[in-house]
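I have placed the structure first, in the form of structure tokens, so that the comments after it can refer back to it.
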Amino acid sequence: MTDLPDTDFTQRFIFDDSDTRGELVALERSYAEVLAKHPYPEPVAQLLGELMAAASLLVGTLKFDGLLILQARSEGPIPMLMIECSSDRDIRGLARYHADQIAADATLADLMPNGVLALTVDPTVGQRYQGIVDLDGETLSDCFTNYFVMSQQVGTRFKLFADGRRARGLLLQQLPADRLKDEEDRAASWQHITALATTLTADELLSLDNETVLHRLYHEEQVRLFDVQKLRFRCSCSRERSGNALVSLGLEDAQQLVVEHGGNIEVDCQFCNERYLFDATDVAQLFAGAGVDTPSDTRH
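One point on numbering: in my numbering, the residue at position 153 of the sequence shown is 226, and numbering is uninterrupted.
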């Protein structure tokens with residue numbers, strides 16, 4: 074939407090005469106932040122944007138405090154795509170890829186053969202949940218639709234697009250029977266709404282505001298559009314978490330690493346490229362339980 078103060082947001086909508094909800098997502102600034110961290114080839118950047126859009130849509134369907142993690146893994150040129158989106162709507166992502174194996178016109182099947190899609194919900198309080206399905210669709214949109222068919226058994230459709238500058242997505246999902254009690258009426262309504270969604274092109278979703286998109290698709294339906302919910306790129310790495318990782322190695326191994334690395338251990342965040350340095354004094358403080366808020370030589 075052109076009058077929004079930010080470029081990254083989701084926006085829910087609902088059909089007044091059907092048991093169907095929807096959500097739209099637009100990502101620009103956070104998408105650019107993720108792509109700026111690594112020199113991703115265009116096909117990788119596109120898939121990473123689509124996965125960011127999916128995570129942004131899915132986090133709005135979950136009522137929890139914690140972290141939503143999406144991972145797509147394969148045996149091909151892109152071994153891994155990973156997006157994390159918190160319930161506070163902070164998002165980050167990365168990809169692993171073999172640039173010399175990636176053709177400009179490669180399909181999802183070319184890039185991620187024998188792949189799997191994992192959705193993990195890691196709540197602050199409560200039990201961690203993970204669902205895994207094969208990455209067997211022609212597009213990531215198909216794969217997420219298939220995920221819900223296989224694991225959630227909830228009528229769901231995704232449209233995901235990204236072009237290296239903007240990532241956009243549309244989610245449609247059936248609600249429990251309320252407005253339409255008759256099963257045939259309910260099925261017909263869902264078929265009608267999802268069939269219209271299939272006509273939405275990448276150019277339309279990437280270039281038009283939400284009101285225009287919904288009017289083009291559903292101008293004969295009663296659709297209510299709710300307020301936007303903002304998202305932002307934010308990495309959850311910290312010096313404290315890096316120090317905890319060193320503590321998990323054990324004192325002897327951590328001290329040996331300091332020696333092997335010439336006096337400083339470098340812990341790099343793969344998501345944001347932040348680098349944390351720990352010298353022998355830092356390591357001693359960590360294992361003494363004192364923690365290290367800042368490096369002893371003030372470098373960070």
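Idealized CB from N, CA, C, for every residue including glycine.
**Prompt:** Expressed to the nearest angstrom, what Euclidean distance is found between the alpha-carbon atoms of GLU277 and VAL286?
**Reply:** Mapped onto the sequence shown, residue 277 falls at position 204. Mapped onto the sequence shown, residue 286 falls at position 213. Straight-line Cα distance between these residues: approximately 7 angstroms.
**Request:** Express the C-alpha separation of GLY149 and CYS207 in angstroms, rounding to a whole number.
**Result:** Counted from its first residue, the sequence shown places residue 207 at position 134. Counted from its first residue, the sequence shown places residue 149 at position 76. The residue you asked about is not Cys; residue 207 is Asp in the sequence shown. Between ASP207 and GLY149, the C-alpha separation is close to 14 angstroms.
**Asked** Helix, strand or coil: how does DSSP classify ALA172 here?
**Response** In the sequence shown, residue 172 corresponds to position 99, counting from 1. Looking at ALA172 - three-state DSSP - the assignment turns out to be helix.
**Message:** Would the stretch 132-140 count as touching the stretch 168-179 if we require 3 or more Cβ pairs under 8 angstroms?
**Reply:** Taking 8 angstroms as the limit for Cβ pairs, the verdict is that the stretch 168-179 does not touch the stretch 132-140.
**Message:** With H, G and I counted as helix, E and B as strand and the rest as coil, what does DSSP make of ALA182?
**Reply:** The count along the sequence shown starts at 1 and reaches residue 182 at position 109. Three-state result, ALA182: helix.
**Asked** Of all the options MET153, GLN264, MET185 and ARG305, which has the alpha carbon lying nearest to the alpha carbon of GLU164?
**Response** As a working mapping, residue 164 is identified with position 91 in the sequence shown. In the sequence on display, residue 164 carries Ile and not Glu. Among MET153, GLN264, MET185 and ARG305, the Cα nearest to that of ILE164 belongs to ARG305.
**Asked** Under a three-way DSSP split, which group does TYR113 fall into?
**Response** Here residue 113 is taken as the residue at index 40 of the sequence shown, counted from 1. In this structure, TYR113 counts as coil in the three-state DSSP scheme.
**Message:** Between the alpha carbons of GLU211 and LEU181, how many angstroms are there, rounded?
**Reply:** Taking the first residue of the sequence shown as position 1, residue 211 is located at position 138. Taking the first residue of the sequence shown as position 1, residue 181 is located at position 108. Taking the straight line joining both Cα atoms gives about 6 angstroms.
**Message:** Can you look up VAL332 in the DSSP assignment and give me helix, strand or coil?
**Reply:** The residue you call residue 332 lines up with position 259 of the sequence shown. VAL332 falls in the helix class under three-state DSSP.
**Asked** Taking only runs of the beta strand (DSSP E) that begin and end inside the stretch 126-150, which ones reach a length of at least 3 residues, in chain order?
**Response** 139-146
**Item:** beta strand (DSSP E) runs wholly inside the stretch 179-267, at least 3 long, in chain order
**Value:** 189-196, 202-207, 229-235 and 240-247
**Asked** Which two residues bound the contiguous beta strand (DSSP E) that contains SER315?
**Response** As a first step, residue 315 must be located in the sequence shown, where it is residue number 242. Per DSSP, SER315 lies in no beta strand (DSSP E) segment; the continuous alpha helix (DSSP H) that holds it begins and ends at 312-320.
**Asked** To which residues of the same chain is ALA179 closer than 8 angstroms at the C-beta, ignoring the five residues directly before and after it?
**Response** For the purposes of this step, residue 179 is identified with residue 106 of the sequence shown, where counting begins at 1. Short of 8 angstroms from the beta carbon of ALA179, and not among the five residues preceding or following it, lie these beta carbons of its own chain, in chain order: PRO116 and PRO150.
**Prompt:** Straight-line CA distance for ALA318 to ALA235?
**Reply:** Locating residue 318 in the sequence shown gives position 245, where the first residue counts as 1. Locating residue 235 in the sequence shown gives position 162, where the first residue counts as 1. When rounded, the distance between both Cα atoms is 34 angstroms.
**Prompt:** Does the Cβ of VAL356 have 16 or more other Cβ atoms within 10 Å, making it buried, or fewer, making it exposed?
**Reply:** Translated into positions along the sequence shown, residue 356 becomes position 283. Buried, because 16 or more other Cβ atoms sit within 10 Å of the Cβ of VAL356.
**Nearest to GLU294 (by Cα), restricted to the options PRO112, ARG85 and SER91** = Translated into the one-based positions of the sequence shown, residue 294 becomes position 221. Relative to the Cα of GLU294, the nearest Cα in the group PRO112, ARG85 and SER91 belongs to SER91.
**Asked** Below 8 angstroms between beta carbons: does that hold for ASP81 and ALA109?
**Response** Translated into the one-based positions of the sequence shown, residue 81 becomes position 8. Translated into the one-based positions of the sequence shown, residue 109 becomes position 36. No, the pair does not count as a contact, with Cβ atoms beyond the cut-off.
**Message:** If you follow the beta strand (DSSP E) that ASP300 is in, where does it begin and where does it stop?
**Reply:** Working through the sequence shown from its first residue, we reach residue 300 at position 227. 296-303 is the extent of the beta strand (DSSP E) around ASP300.
**Prompt:** Can you find at least 3 beta carbon pairs, one from the stretch 122-134 and one from the stretch 258-273, that sit closer than 8 angstroms?
**Reply:** no
**Prompt:** For GLY122, does the three-state DSSP call read helix, strand or coil?
**Reply:** Locating residue 122 in the sequence shown gives position 49, counting from the first residue. Three-state result, GLY122: helix.
**Prompt:** My guess is that ALA240 and TYR104 are in contact by the Cβ rule of under 8 angstroms, so how many angstroms apart are they, rounded?
**Reply:** In the sequence shown, residue 240 corresponds to position 167, counting from 1. In the sequence shown, residue 104 corresponds to position 31, counting from 1. Indeed, because the Cβ distance is near 5 angstroms, the residues count as touching under 8 angstroms.
**Request:** Measure the alpha-carbon distance for ARG372 versus SER315 and round it to whole angstroms.
**Result:** As a position in the sequence shown, residue 372 is number 299, starting the count at 1. As a position in the sequence shown, residue 315 is number 242, starting the count at 1. Confidence at ARG372 is low in this model, with a pLDDT of 41, below 50, so its placement is unreliable and the value that follows should be read with caution. Rounded to whole angstroms, ARG372 to SER315 spans 14 angstroms at the Cα level.
**Beta-ladder partner(s) of GLY95, from DSSP** = The sequence position of residue 95 within the sequence shown is 22, counting from 1. DSSP output for GLY95 lists PHE86 and LEU245 as bridge partner(s).
**Prompt:** Where does ASP282 fall in DSSP's three states?
**Reply:** By 1-based counting over the sequence shown, the position of residue 282 is 209. Coil at ASP282, not helix or strand.
**Message:** Please tell me whether ARG94 and GLN246 are closer than 8 angstroms, where the distance is taken between their beta carbons.
**Reply:** Your numbering for residue 94 matches position 21 in the sequence shown. Your numbering for residue 246 matches position 173 in the sequence shown. Contact flag set, yes.
**Item:** Backbone CA spacing between PRO114 and ILE175 [nearest angstrom]
**Value:** Translated into positions along the sequence shown, residue 114 becomes position 41. Translated into positions along the sequence shown, residue 175 becomes position 102. Those two C-alpha atoms are separated by around 8 angstroms.
**Prompt:** Candidates THR267, LEU279, LYS254 and VAL194: which alpha carbon is nearest LEU60's?
**Reply:** Since the displayed the chain opens at 74 and closes at 373, residue 60 lies outside it and no answer follows.
**Message:** In this structure, how does DSSP classify SER159 when only helix, strand and coil are distinguished?
**Reply:** Counted from its first residue, the sequence shown places residue 159 at position 86. Strand at SER159.
**Prompt:** Which term fits MET223, buried or exposed, when burial requires 16 or more other beta carbons within 10 angstroms of its beta carbon?
**Reply:** Mapped onto the sequence shown, residue 223 falls at position 150. MET223 comes out exposed.
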